[in-house]
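Colleague: Numbering (this note's numbering), first residue to last: 1 to 306.
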């Protein structure tokens, strides 16, 4: 069965090429969106779009997604910029570049962490659906940094429980617009799926409890570099919380960033990096801590601000 999606163009996406903007809205690859457009399956205010057309703010997109041709499956594909930071018989920790999904999903035909590890000959635990085996937590396609995956069933079970019990230390660096006041603090606001846009999330009273701690590391004229620690791990949590706080992440068009500032800094994705990951090893019982450094695009954007 096909799936119909009706989406209103947000301000941060307005003016972009149709294929690029819709890819960011839906979390799909640009080539997959281009295929939909070429097949006449995307309309803007009832007019069929071409790839080079620009998206118009507040216009309505009608997108027809065809039924998956086959069950999702991992495709072995090496990702040159993906680094294995650590591995043993139970776990593997990777430093994921932006533009790589944690696992395959409908509409995504780009590389995945699981597919990269498969290409390296690293086998994951078999719990969960086939395309998500070994996955105990995820990073968005546009977020870079550290992820842990599991190679054995006991590690999978214990790491899943550790994430549920909030026993995993997750530290991110985020570049947000403006200057949060206070400069350090906690955002405690429940998050739910957006009532009008199913691909987005929002702060809502009936949402799931969501807690984000932050402190300012460096303040610039137009933005602030923050250290962020998650107490919970909701989808898009950091992005939603700071957007609701009127300080969206630089480059995060989905949640209302200033596209001019993003362009000035050369950011084509949200400025968010998973810097540190710490937890009790699932079988050895000792605390392990892993650290990452900024990828090139984030380093260059900071250099422009400084």
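Glycine included, C-beta positions come from ideal geometry on N, C-alpha and C. A quick note: this is a predicted structure, and the numbers were derived from the prediction, not measured.
1) I need the straight-line Cα distance from residue 182 to residue 120, nearest angstrom please.
2) Under the three-state reduction of DSSP, which class applies to residue 135: helix, strand or coil?
3) Please classify residue 19 as buried or exposed, where buried requires at least 16 neighbouring CB atoms within 10 angstroms.
4) According to DSSP, is residue 174 helix, strand or coil?
5) Could you have a look at residue 205 and say whether DSSP puts it in helix, strand or coil?
6) Taking its Cβ as the centre, do 16 or more other Cβ atoms sit within 10 Å of residue 236, making it buried, or is it exposed?
7) Please report the distance separating the alpha-carbon of residue 220 from that of residue 74.
8) Alpha helix (DSSP H) containing residue 241: first to last residue?
9) Report the start-end ranges of each beta strand (DSSP E) in the segment 256 to 292 that is 3 residues or longer and not cut off at the edges.
10) Helix or strand or just coil, what does DSSP make of residue 51?
11) How far does the alpha helix (DSSP H) with residue 189 in it extend, from its first residue to its last?
12) What is the C-beta distance between residue 125 and residue 134, in whole angstroms, given that I count them as a contact (C-beta under 8 Å)?
13) Which residue marks the beginning of the beta strand (DSSP E) containing residue 223, and which one marks its end?
14) Measuring only the C-alpha atoms, how far is residue 202 from residue 223?
Modeller: Straight from the coordinates:
1) Against the chain shown, residue 182 aligns to sequence position 182. Against the chain shown, residue 120 aligns to sequence position 120. Those two C-alpha atoms are separated by around 45 Å.
2) In the chain shown, residue 135 corresponds to position 135, counting from 1. Looking at residue 135 - three-state DSSP - the assignment turns out to be strand.
3) The count along the chain shown starts at 1 and reaches residue 19 at position 19. The residue is buried, with at least 16 neighbouring Cβ atoms inside 10 Å.
4) Here the question's residue 174 lines up with position 174 in the chain shown. Residue 174: strand per DSSP, three-state reduction.
5) Counting from one through the chain shown, the residue named residue 205 turns up at place 205. Coil.
6) Along the chain shown, one-based indexing puts residue 236 at 236. Buried, since its Cβ has 16 or more Cβ neighbours within 10 Å.
7) Within the chain shown, residue 220 is the residue found at index 220, counting from 1. Within the chain shown, residue 74 is the residue found at index 74, counting from 1. When rounded, the distance between both Cα atoms is 42 Å.
8) On the chain shown, position 241 is the one that residue 241 refers to. 237 to 244 is the extent of the alpha helix (DSSP H) around residue 241.
9) Counting whole runs of 3 or more residues, the segment 256 to 292 contains the beta strand (DSSP E) stretches 272 to 280, 287 to 291.
10) Indexing the chain shown from 1 puts residue 51 at position 51. The DSSP-derived three-state label of residue 51 is coil.
11) Your numbering for residue 189 matches position 189 in the chain shown. No alpha helix (DSSP H) contains residue 189, which DSSP labels as neither H nor E.
12) The residue given as residue 125 occupies position 125 in the chain shown. The residue given as residue 134 occupies position 134 in the chain shown. The pair is a contact, with the Cβ atoms about 5 Å apart (cut-off 8 Å).
13) Reading the chain shown from its first residue, position 223 is the one you call residue 223. Note, residue 223: beta strand (DSSP E), 223 to 230.
14) As a first step, residue 202 is located in the chain shown; it is residue number 202 there, counting from the start. As a first step, residue 223 is located in the chain shown; it is residue number 223 there, counting from the start. So the alpha carbons of these two residues sit roughly 22 Å apart.
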